[in-house]
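In my numbering, the protein residues as written are 339 to 537.
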Amino acid sequence: MFLREDEVGRRVARHLEPGWTVLDYGAGTGLLARYLTRRVGIRPTLADLVDYRNRLPDFPFLEMGDPFHVPVEGFAFDAALLLFALHHNPWEAQPKVLAEASRLFTRRLVVVEDTPFGMLDRLANTAWDKALNLRHGVPTPFTFRGVGEWLEAFADHGLRAVHVESYRPLWPTLGTYHHTLFVLEREGSGAVPRRPAAE
Ligand SMILES: C[S@@+](CC[C@H](N)C(=O)[O-])C[C@H]1O[C@@H](n2cnc3c(N)ncnc32)[C@H](O)[C@@H]1O
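Now the structure itself:
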């Protein structure tokens, strides 16, 4: 799956800085954290509800008993990542996950989500989501949101997007639906907003 790590990781990497402490909330195997460590020089901590059998042992891991609580003090990290984690939660739980992520970072929250753009996108997204998560036992409630809906949800937590980028990932889902990367900072943090881009 190196192709997937490269495709997602190089987009995320542009928004992190060397030496930053980074919480990977919903880290899965930790492969993306390893990619970002090698490429940018971040210092990651992994957190997840599921302790994957094939999780990399390279980094500190916080096994979570509560999906809305990472057992660390507030503002413990420079950045937090939510990479394909939010849509594994029911609609009503997503704001709680966002609230917890917001509690923990000082500089940036980077979210990447499945964001189907229409009916065909949604069908493909649903099928891939089921297929890719089955073996890990990760719930798939298919609670995807569109780009605008996510921006509203972020604004509800005082988070504004300084960069938004939608693209059709090739790996492993062969360009059949869209992902969107959101780079978020706290309202009033002085970052300059950039125009949304789409591929
Ligand atoms: C599709 S996997 C993505 C894993 C990794 N971020 C990646 O992109 O390779 C989603 C992961 O998020 C985790 N997850 C989803 N909601 C979570 C929550 N509320 N708290 C902790 N982990 C969560 C799941 O257990 C799963 O490991």
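C-beta: ideal position from N, C-alpha, C; glycine also.
Cβ-based burial, residue i [other Cβ within 10 Å; buried from 16]
i, result
"residue 465", "exposed"
"residue 382", "buried"
"residue 411", "exposed"
"residue 422", "buried"
"residue 439", "buried"
"residue 366", "buried"
6 angstroms CB neighbourhood of residue i in its chain, flanking five on each side removed
i, result
"residue 448", "350, 353, 419, 521"
"residue 480", "464"
"residue 445", "416, 417"
"residue 509", "341, 342, 345"
Rounded straight-line distance, which links the Cα of residue j to that of residue i
i, j, result
"residue 491", "residue 433", "7 angstroms"
"residue 361", "residue 456", "32 angstroms"
"residue 525", "residue 393", "35 angstroms"
"residue 404", "residue 429", "17 angstroms"
"residue 426", "residue 470", "12 angstroms"
"residue 518", "residue 487", "12 angstroms"
"residue 531", "residue 424", "Interpretation of residue 531 is limited by its pLDDT of 44, a score under 50 that renders its predicted location unreliable; the figure taken from the coordinates is listed afterwards. Approximately 23 angstroms between the Cα atoms of the pair."
"residue 358", "residue 375", "10 angstroms"
"residue 512", "residue 451", "16 angstroms"
Cβ separation of residue i and residue j, assumed to be a contact under 8 angstroms, to the nearest whole Å
i, j, result
"residue 482", "residue 460", "7 angstroms"
"residue 549", "residue 347", "Outside the modelled stretch of the chain, which goes from 339 to 537, sits residue 549, for which no answer is possible."
"residue 442", "residue 414", "6 angstroms"
"residue 495", "residue 436", "5 angstroms"
"residue 398", "residue 384", "7 angstroms"
Close-in-space but distant-in-sequence residues of the same chain around residue i (CB under 8 angstroms, 5 per side omitted)
i, result
"residue 408", "361, 363, 385, 400, 402, 438, 442"
In chain order, each beta strand (DSSP E) run of at least 3 residues that lies wholly inside the segment 490-531: For the segment 490-531, whole beta strand (DSSP E) runs of length 3 or above, ordered along the chain, are 497-505, 517-524.
Return the chain-ordered ranges of every alpha helix (DSSP H) run that is complete within the segment 344-429 and spans a minimum of 4 residues. 369-378
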